[in-house]
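In this note's numbering, the protein residues as written are 73 to 331.
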């Protein structure tokens with residue numbers, strides 16, 4: 073009953089019989105949908121379909137404490153429950169913990185080692201492109217402009233796994249929150265050498281980004297002038313599961329190999 077834990081199971085070669093879907097998504101996340109064709113959708117994570125879950129007769133249920141931790145009893149009536157706090161540790165810790173529960177500890181360790189190997193390669197590719205330059209990540213929605221903090225989902229990939237240097241002001245953002253809403257006028261204050269950009273898929277967000285690109289403030293940014301703006305998709309980059317991070321690293325490898 074967790075999108076992230078579902079994706080961790082997929083990393084270990086296990087396909088759950090049922091899984092919740094994203095709050096705004098109408099189905100499973102796009103980057104793993106093809107692996108969940110035989111998995112029953114159980115509704116949004118904040119309001120799961122308990123009748124559908126009961127009908128599946130699962131042997132075990134994995135819960136995300138953030139969304140289900142306050143009402144564990146109703147799940148325990150159906151099957152044994154394991155609750156994960158995704159803010160406790162990293163995705164590696166979560167994967168290893170699940171690996172222990174499903175007797176796939178070696179697979180979990182191998183997955184983590186393979187990720188580390190690829191990460192070192194991507195680090196080198198990025199350094200060849202932007203050197204020791206500073207980095208920020210933003211998201212454009214229909215209504216607002218967001219700057220990602222050092223917190224998950226985006227922060228750990230960029231600033232921990234890849235070891236990139238946060239642009240000025242990024243570490244000042246409340247680290248208990250994934251992002252801060254800003255106005256375009258303050259973008260120059262970050263003085264980033266490179267910018268990763270997530271633009272929501274709806275038409276309004278796309279229009280918002282086009283307007284931003286045509287704005288003199290945007291055009292005057294150091295990263296824009298240098299051609300160091302990198303569009304990335306919400307998925308897999310905002311997944312923050314083992315499979316999501318691996319796919320994000322794959323995309324980064326391809327992106328910077330072309331530079």
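Heads up, the beta-carbon is just placed ideally off N, CA and C, and yes, glycines get one too.
Between residue 190 and residue 327, the beta carbon gap of about 13 angstroms keeps them out of contact (Cβ cut-off 8 angstroms). The alpha-carbon of residue 147 is positioned some 11 angstroms away from that of residue 129.
The DSSP assignment places complete beta strand (DSSP E) segments of no fewer than 3 residues inside the region 166 to 229 at 206 to 212, 217 to 220, in order along the chain.
Residue pairing by DSSP places residue 112 opposite 90 in a beta bridge. Between residue 241 and residue 261, the CB-CB gap stays under 9 angstroms. One Cα belongs to residue 142, the other to residue 259, and the distance between them is close to 39 angstroms. Taking residue 159 as the centre and dropping the five residues before and after it, the same chain places no C-beta closer than 7 angstroms to its C-beta. The beta carbon of residue 177 sits closer than 6 angstroms to those of 171, all from its chain and outside the five residues before and after it, given in chain order. If the five residues before and after residue 222 are omitted, its C-beta is found closer than 7 angstroms to the C-beta atoms of 231, 238, 242, 243, 247, all from its own chain and listed in chain order.
Taking C-beta atoms as the reference points, residue 174 and residue 151 fail to come closer than 9 angstroms.
Between residue 155 and residue 138, the beta carbon gap of about 10 angstroms keeps them out of contact (Cβ cut-off 8 angstroms). Between the region 280 to 289 and the region 191 to 208 there are fewer than three inter-stretch CB-CB distances shorter than 8 angstroms, so the stretches are not counted as touching. Inclusion of residue 111 and residue 91 in the CB contact set at 9 angstroms is warranted, their separation being smaller than that value. For the alpha helix (DSSP H) assignment, the uninterrupted runs of no fewer than 4 residues enclosed by the region 232 to 294 are, from N- to C-terminal side, 259 to 262, 275 to 285, 288 to 291. Apart from the 5 residues on each side of it in sequence, residue 126 sits with its Cβ closer than 8 angstroms to the Cβ of 150 in its chain, given in chain order. With a threshold of 16 other beta carbon atoms within 10 Å, residue 109 falls short and is exposed.
Spanning the alpha carbons of residue 99 and residue 105 requires a straight line of approximately 8 angstroms.
In the same chain as residue 168, and ignoring 5 residues on each side of it, the C-beta atoms closer than 8 angstroms to its own belong to 177, 180, 181, 184, in chain order. In the DSSP assignment, residue 130 falls outside any alpha helix (DSSP H), carrying neither H nor E.
For residue 304, the pairing in a beta bridge is given by DSSP as 270. A distance of 9 angstroms or more separates the beta carbons of residue 101 and residue 73. For the pair residue 269 and residue 212, the CB atoms are nearer than the 9 angstroms cut-off. Residue 314 is classed as buried because its beta carbon has at least 16 other beta carbons within 10 Å across all chains shown.
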